[in-house]
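Engineer:
Numbering (the numbering used here), first residue to last: 35 to 185.
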């Protein structure tokens, strides 16, 4: 949320809602609750901790009559977004931030090795870098580059 604020997004237009679970049904229920609390909002940016939480939010907006051009959903993980990005008609799910499995796998293994062999405990938070935004236009190509399917 800090990045949105730093980019100039009005703080009073940032709404947060807890989910019962981090899957599509949990996010769907949470988003429905949010949508009925703010009927004045006509355009939504939906972010979440993974693709499924964003997909739940997108499904909720569809159920409330929002059309794809009025919703921008961006998830994290990429792989769970494939079926959504493959649909013939665009939805409010714009894309997903795909981490680099080779880079992150290497870094995770390196931190674990250093912890076990040198007692260097890894940090509680490690920033995820080296990500690419996959969209309907590039997801097959980007997933193929990572060995995760695609064309």
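Glycine residues also receive a C-beta, built at the ideal position from the N, C-alpha and C atoms. Computed from a predicted model, the values in this text were never measured in an experiment.
Would you mind reading off the limits of the beta strand (DSSP E) that contains residue 173?
Structural biologist: No beta strand (DSSP E) contains residue 173, which is instead part of the alpha helix (DSSP H) from 173-179.
Engineer: Just the C-alpha distance for residue 181 and residue 116, rounded to the nearest angstrom, thanks.
Structural biologist: 14 Å
Engineer: Does the distance from the CB of residue 165 to the CB of residue 133 come in under 7 Å?
Structural biologist: yes
Engineer: Would you say residue 20 and residue 110 are within 7 Å of each other, going by their C-beta atoms?
Structural biologist: Outside the shown range of the chain, which is 35 to 185, sits residue 20, and nothing can be said about it.
Engineer: Suppose you measure from the CA of residue 124 to the CA of residue 155; what does that come to, to the nearest Å?
Structural biologist: 44 Å
Engineer: Return the chain-ordered list of same chain residues with a C-beta closer than 7 Å to the C-beta of residue 128, the five sequence neighbours on each side being excluded.
Structural biologist: 106, 107, 108, 169
Engineer: May I have the straight-line CA-CA distance separating residue 39 from residue 160, to the nearest angstrom?
Structural biologist: 22 Å
Engineer: Can you tell me whether DSSP reads residue 62 as helix, strand or coil?
Structural biologist: helix
Engineer: In whole angstroms, what separates the C-alpha of residue 58 from that of residue 68?
Structural biologist: 15 Å
Engineer: Which runs of the beta strand (DSSP E) at least 3 residues long sit entirely within the segment 54-107? Give them in chain order.
Structural biologist: 78-81
Engineer: What number of angstroms, rounded off, separates the C-alpha of residue 172 from the C-alpha of residue 92?
Structural biologist: 20 Å
Engineer: For residue 83 and residue 63, I'd like the C-alpha separation in whole angstroms.
Structural biologist: 16 Å
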